[in-house]
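Participant: Numbering (our numbering), first residue to last: 33 to 355. So that we are looking at the same thing, I have put the structure below in structure tokens.
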Ligand SMILES: Cc1cc2nc3c(=O)[nH]c(=O)nc-3n(C[C@H](O)[C@H](O)[C@H](O)COP(=O)(O)O)c2cc1C
């Protein structure tokens with residue numbers, strides 16, 4: 033059992049922060065299928081400092097999500113720390129500081145992935161946050177800003193500082209910021225970090241699309257755990273599959289069409305509870321590629337769902353294709 037303060041992980045696999053995806057519905061479903069810890073998508077630190085912002089439902093965890101972490105990004109250590117404190121007060125169980133996001137607009141504003149080139153700011157952000165919150169404070173980084181020597185040095189400095197400061201959990205996505213999501217993720221460098229700093233709790237991220245890969249990485253990488261990102265989109269069942277394999281049982285049968293239907297409808301209902309219908313439909317469509325992978329007529333089903341324009345059409349399409 034891995035422990036982070038009050039948070040206990042009964043398996044070393046957690047759902048990644050995924051901006052635009054890991055809102056309430058995806059988090060609730062992941063927890064239901066056995067994921068031991070979930071995160072929000074990355075949020076800008078300044079958002080939480082607006083006096084009325086934290087009263088909004090989208091910034092507050094639902095009871096059935098716990099334990100749930102808030103992930104934040106920013107450019108100024110003091111503001112990040114203040115924001116972390118606001119999210120802790122709002123009920124989140126841990127804070128994850130994002131130094132990994134590669135979106136150009138984010139980099140231009142010297143946030144997230146940009147800070148892979150500023151190890152001193154990364155360190156100060158974690159230390160200041162540690163001072164003002166009592167929950168565990170995690171960090172998510174990449175294997176460097178780019179593949180240059182200087183970037184590699186910055187990466188090692190960040191890891192060394194994380195180990196020295198006692199960062200509760202460091203997650204390393206095995207791609208550089210410059211790579212964004214292209215190419216294969218590097219799991220060797222994170223493994224080297226773990227060998228260099230064995231006391232640092234370290235999770236890896238990258239190319240975990242199936243339960244088999246997740247368990248294989250956790251078993252062979254030497255890291256403490258694995259985060260599941262794109263492989264969990266429209267696929268909450270991956271967590272029960274991972275659990276079975278991890279516990280030495282055989283992989284459960286794929287959910288029946290009726291079970292898939294029930295979860296998809298429930299997912300859509302939860303989206304409708306927090307978004308107006310005209311926004312809920314395109315938002316739900318993003319999950320259908322994942323959901324349809326388990327359907328025997330994947331292409332037709334996906335096409336039909338992509339063409340649905342209203343909540344009624346979504347409901348009817350799901351009923352038609354999954355009954
Ligand atoms: C659409 C999308 C949104 C993401 N949003 C976040 C985010 O908000 N915070 C974060 O730390 N990583 C984010 N990531 C990165 C993932 O957490 C993960 O590290 C990355 O996708 C590699 O894992 P994978 O190859 O298994 O998907 C995002 C990735 C994708 C594809």
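Don't be surprised by glycine CBs; every beta carbon is placed ideally from N, CA and C.
1) Across the stretch 254-272 and the stretch 224-237, are there enough close Cβ pairs to call them in contact, namely three or more that are closer than 8 Å?
2) In this structure, does DSSP put residue 80 in helix, strand or coil?
3) Give the range of the beta strand (DSSP E) segment to which residue 171 is assigned.
4) Report the option in 50, 51 and 55 whose CA atom is closest to the CA atom of residue 302.
5) What are the boundary residues of the beta strand (DSSP E) that residue 235 is part of?
6) I'd like to confirm the pairing. Which residues does DSSP put opposite residue 258 in its beta bridges?
7) What I want to know is whether the C-beta of residue 282 ends up closer than 7 Å to one or more non-hydrogen atoms of ligand 1.
8) Per the DSSP calculation, residue 126 is bridged to which residue(s)?
9) Assign residue 173 to buried or exposed, taking buried as 16 or more other Cβ atoms, counted over all protein chains shown, within 10 Å of its Cβ.
10) Within a Cβ cutoff of 6 Å, which residues of the same chain sit near residue 221, ignoring the five residues on either side of it in sequence?
11) Beta carbon of residue 205: closer than 7 Å to some heavy atom of ligand 1?
12) Is the beta carbon of residue 126 within less than 7 Å of some heavy atom of ligand 1?
13) Would a C-beta distance cut-off of 8 Å place residue 240 and residue 268 closer than the cut-off?
14) Contact between the stretch 110-124 and the stretch 181-193: three or more CB pairs below 8 Å?
Facilitator: Short version:
1) Yes, the stretch 254-272 is in contact with the stretch 224-237.
2) Three-state result, residue 80: helix.
3) First-last of the beta strand (DSSP E) with residue 171: 169-174.
4) Comparing Cα positions, the closest option is 55.
5) Counting along the chain, the beta strand (DSSP E) containing residue 235 begins and ends at 234-237.
6) Residue pairing by DSSP places residue 258 opposite 45 and 236 in a beta bridge.
7) Every heavy atom of ligand 1 is 7 Å or more from the Cβ of residue 282, so no.
8) The partner list for residue 126 (beta bridge, DSSP) reads 101.
9) With a 10 Å radius around the Cβ and a threshold of 16 neighbouring Cβ atoms, residue 173 comes out buried.
10) Correct list, in chain order: 175.
11) True, at least one ligand heavy atom lies under 7 Å from that Cβ.
12) No, the beta carbon of residue 126 sits no closer than 7 Å to any heavy atom of ligand 1.
13) No, the pair does not count as a contact, with Cβ atoms beyond the cut-off.
14) Taking 8 Å as the limit for Cβ pairs, the verdict is that the stretch 181-193 does not touch the stretch 110-124.
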